[in-house]
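Below is one structure, written out as structure tokens, with a few remarks after it.
Protein chains in written order, with the working numbering: chain A, 1 to 216; chain B, 217 to 432.
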């Protein structure tokens with residue numbers, strides 16, 4: 001599948017690499033087509049990977065994956081261009097953490113809205129799916145890093161888009177039964193607020209190599 | 217141990233019953249000492265259990281457990297009386313859900329404060345511990361209802377108070393290794409925001425007999 005990954009940080013690099021590894025044709029997008037982190041990433045990838053602007057990456061993708069920081073996500077998607085997102089599956093793995101907001105960090109929005117909903121409202125024909133934001137990026141990309149069963153969640157309005165996401169996640173190694181669909185896009189509120197709980201666990205454990213399993 | 221349980225709802229009843237069952241001397245408190253739900257509860261309990269006003273229950277307890285709805289908690293604690301809470305372990309299991317706030321429900325406070333912190337600020341000599349609010353009350357009281365390992369969390373400023381809570385939780389059947397201390401009282405923000413994630417799971421699963429296990 002052709003996938004545009006927006007963002008050159010740890011999350012973008014981990015997911016873009018794993019997407020290439022699992023057979024996809026990936027363009028990593030950044031603000032500047034000459035971005036050094038993107039170039040360094042590309043040097044480690046096979047020929048079918050590429051880099052470009054946010055708009056290049058979004059135009060390339062049948063699926064577009066937002067791996068930018070939540071505070072800049074809407075600006076990045078505007079640079080990617082509404083035309084390049086129209087009708088596409090738009091995977092949002094970001095967390096809307098306010099920069100320099102102290103400890104524990106603050107979210108914006110929080111409570112009666114979510115970043116995923118803001119994205120869906122501003123790009124109404126994009127088929128937004130929130131997923132993967134509830135864990136460290138190494139675990140996102142390769143769930144076999146942790147022992148036993150643990151789970152990934154998703155939320156979004158478009159059932160076919162969620163099936164596409166499910167298929168990509170299965171490619172990463174997520175068992176179908178542990179990919180939990182929490183419903184429509186408003187369920188992204190809980191997935192984003194979960195970050196603050198995750199940070200409590202992160203501090204308590206002293207590392208970020210963890211996830212949760214829903215026990216029934 | 218002498219324990220005052222504030223609240224006669226499902227959570228208060230489940231926890232008060234389990235505390236009696238695990239050997240404690242419990243008074244269930246309500247707004248009106250003649251509360252019918254409290255009287256019905258008492259009729260099912262051995263002689264060492266009792267009922268009374270919020271102030272009676274708080275005066276009785278070496279430990280006071282708040283099992284009232286988050287929207288009324290501060291009013292209830294004022295009725296219980298600052299003098300009756302001074303120096304005591306105050307276990308807060310409530311969630312600050314705004315009544316009639318739609319779906320998903322809203323929290324108040326949310327983001328830069330928590331109900332547990334509000335309680336701690338208003339009753340500074342009480343030793344507040346947030347715990348158990350991340351699951352259904354049947355699972356709170358008896359973790360063996362679910363198979364295998366699953367976890368309970370706590371947050372608070374007072375290490376000795378958290379040891380007391382740990383001991384009560386062990387009495388309910390929680391294994392020591394699965395009682396996870398997330399740190400100071402600000403960690404209650406994540407525990408309270410987790411409710412909205414929990415509601416997503418609740419809807420997705422179609423029942424509330426679940427919890428999570430942290431996998432490392």
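Ideal Cβ placement from N, Cα and C applies to all residues, glycine included.
These numbers come from a predicted model, not from an experiment.
Query raised in the report: Which residues, taken in chain order from the stretch 163–180 of chain A, show a beta carbon closer than 9 Å to some beta carbon of chain B?
Result: 180
Query - Nearest residue (CA-CA) to residue 264(B), options 240(B), 285(B), 257(B), 287(B) - result: As a first step, residue 264(B) is located in the second chain; it is residue number 48 there, counting from the start. Closest by alpha carbon: 240(B).
Query raised in the report: Between which two residues does the beta strand (DSSP E) containing residue 246(B) stretch?
Result: Taking the first residue of the second chain as 1, we reach residue 246(B) at position 30. Start and end: 241–246.
Query raised in the report: Between the beta-carbon of residue 154(A) and the beta-carbon of residue 11(A), is there less than 9 Å?
Result: Reading the first chain from its first residue, position 154 is the one you call residue 154(A). Reading the first chain from its first residue, position 11 is the one you call residue 11(A). Not in contact: residue 154(A) and residue 11(A) (Cβ atoms no closer than 9 Å).
Query raised in the report: Are the C-beta of residue 62(A) and some C-beta of chain B separated by less than 9 Å?
Result: The residue you call residue 62(A) lines up with position 62 of the first chain. For residue 62(A), the answer is no, since every Cβ of chain B falls outside 9 Å of its Cβ.
Requested in this report: Have a look at residue 64(A) and residue 108(A) and give me their C-alpha separation to the nearest angstrom.
Outcome: Counted from its first residue, the first chain places residue 64(A) at position 64. Counted from its first residue, the first chain places residue 108(A) at position 108. Distance between the alpha carbons of residue 64(A) and residue 108(A) is about 23 Å.
Requested in this report: State buried or exposed for residue 75(A), treating a residue as buried only when at least 16 other CB atoms are found within 10 Å of its CB.
Outcome: Residue mapping note: residue 75(A) aligns to position 75 of the first chain, counting from 1. Exposed, since its Cβ has fewer than 16 Cβ neighbours within 10 Å.
Query - Own chain residues within Cβ distance below 8 Å of residue 162(A), not counting five before or after - result: Position 162 of the first chain holds residue 162(A). So the qualifying residues of the chain are 129, 154, 156, 181.
Query raised in the report: Which stretch, first to last residue, makes up the alpha helix (DSSP H) that contains residue 119(A)?
Result: Within the first chain, residue 119(A) is the residue found at index 119, counting from 1. Segment 115–122, the alpha helix (DSSP H) holding residue 119(A).
Requested in this report: Could you tell me the boundaries of the beta strand (DSSP E) in which residue 374(B) lies?
Outcome: Position 158 of the second chain, counted from the start, is the residue given in the question as residue 374(B). Careful: residue 374(B) lies outside any beta strand (DSSP E) and carries neither H nor E.
**Report entry** Residue from 89(A), 178(A), 126(A) with nearest C-alpha to residue 1(A)
**Finding:** Working through the first chain from its first residue, we reach residue 1(A) at position 1. Looking at the Cα atoms, 89(A) is the closest of the given residues.
Query raised in the report: Whose C-alpha, out of 342(B), 382(B), 389(B), is nearest the C-alpha of residue 294(B)?
Result: In the second chain, counting from the first residue as 1, residue 294(B) sits at position 78. Residue 342(B) is the option with its Cα nearest to residue 294(B).
Query raised in the report: What residues in the stretch 195–214 of chain A bring their beta carbon closer than 7 Å to a beta carbon of chain B?
Result: 196, 197, 199, 200, 201, 203, 204, 205, 209, 210, 211, 212, 213, 214
Report task. Determine contact between the stretch 394–408 of chain B and the stretch 201–212 of chain A, defined as no fewer than three beta-carbon pairs at a distance below 8 Å. Result -> yes
Query raised in the report: Should residue 319(B) go down as buried or exposed, given a rule of 16 or more other Cβ atoms within 10 Å for buried?
Result: Here residue 319(B) is taken as the residue at index 103 of the second chain, counted from 1. Exposed, because fewer than 16 other Cβ atoms sit within 10 Å of the Cβ of residue 319(B).
Query raised in the report: How big is the Cα-Cα spacing for residue 13(A) and residue 166(A)?
Result: Position 13 of the first chain holds residue 13(A). Position 166 of the first chain holds residue 166(A). Their Cα atoms are separated by approximately 20 Å.
Query raised in the report: Is there contact here, the stretch 329–339 of chain B with the stretch 266–277 of chain B, by at least three beta-carbon pairs under 8 Å?
Result: no
Query raised in the report: Hey, is residue 358(B)'s beta-carbon within less than 9 Å of any beta-carbon in chain A?
Result: The residue you call residue 358(B) lines up with position 142 of the second chain. No, its Cβ sits nowhere closer than 9 Å to a Cβ of chain A.
Query raised in the report: So which residues of chain A does residue 337(B) contact, with C-beta pairs closer than 9 Å?
Result: Here residue 337(B) refers to the residue found at position 121 when the second chain is read from its first residue. The premise fails here: residue 337(B) is roughly 17 Å from chain A at the closest Cβ pair, so nothing lies under 9 Å.
**Report entry** Continuous beta strand (DSSP E) stretch holding residue 130(A): start and end
**Finding:** If you number the first chain from 1, residue 130(A) lands on position 130. Residues 127–131.
Query raised in the report: Taking just the CA atoms, how far does residue 59(A) sit from residue 84(A)?
Result: Position 84 of the first chain holds residue 84(A). Position 59 of the first chain holds residue 59(A). Their Cα atoms are separated by approximately 5 Å.
Query raised in the report: What are the boundary residues of the alpha helix (DSSP H) that includes residue 203(A)?
Result: As a first step, residue 203(A) is located in the first chain; it is residue number 203 there, counting from the start. Counting along the chain, the alpha helix (DSSP H) containing residue 203(A) begins and ends at 188–205.
Query raised in the report: Using a beta-carbon distance below 9 Å, is residue 99(A) in contact with chain B?
Result: Within the first chain, the letter at position 99 stands for residue 99(A). It does not; no Cβ of chain B falls within 9 Å.
**Report entry** residue 423(B) burial status per 10 Å Cβ neighbour count (16 or more: buried)
**Finding:** Here residue 423(B) corresponds to residue number 207 of the second chain, with the count starting at 1. So residue 423(B) counts as exposed.
**Report entry** Helix, strand or coil at residue 7(A) [DSSP, three-state]
**Finding:** Walking along the first chain from the start, residue 7(A) turns up at place 7. Note: residue 7(A) maps to coil in three-state DSSP.
Query raised in the report: What does DSSP give as the partner residues of residue 282(B) in its beta bridges?
Result: Locating residue 282(B) in the second chain gives position 66, where the first residue counts as 1. Answer is 222(B), 308(B), bridged to residue 282(B).
Query - Neighbouring residues, chain A, relative to residue 432(B) (Cβ below 9 Å) - result: Your numbering for residue 432(B) matches position 216 in the second chain. The answer, in chain order, is 146, 147, 205, 207, 209, 210, 211.
**Report entry** Residue nearest to residue 124(A) in terms of C-alpha spacing, selected from 86(A), 98(A), 151(A)
**Finding:** Position 124 of the first chain, counted from the start, is the residue given in the question as residue 124(A). Per the Cα distances, 86(A).
Requested in this report: Please compile the residues from chain A whose C-beta is within a distance smaller than 9 Å of the C-beta of residue 406(B).
Outcome: Within the second chain, residue 406(B) is the residue found at index 190, counting from 1. Ordered by position in chain A, the residues that pass the 9 Å Cβ test against residue 406(B) are 104, 193, 194, 195, 196, 197, 198, 199, 200, 201.
Query raised in the report: Should residue 287(B) be flagged as near chain A, meaning a C-beta pair shorter than 9 Å?
Result: On the second chain, residue 287(B) is found 71 positions in, with the first residue counted as 1. Not one chain A Cβ lies under 9 Å of residue 287(B).
Query raised in the report: Can you list the residues of chain A that residue 399(B) reaches, using a CB-CB cut of under 7 Å?
Result: Translated into positions along the second chain, residue 399(B) becomes position 183. Here the neighbours are 200, 203, 204.
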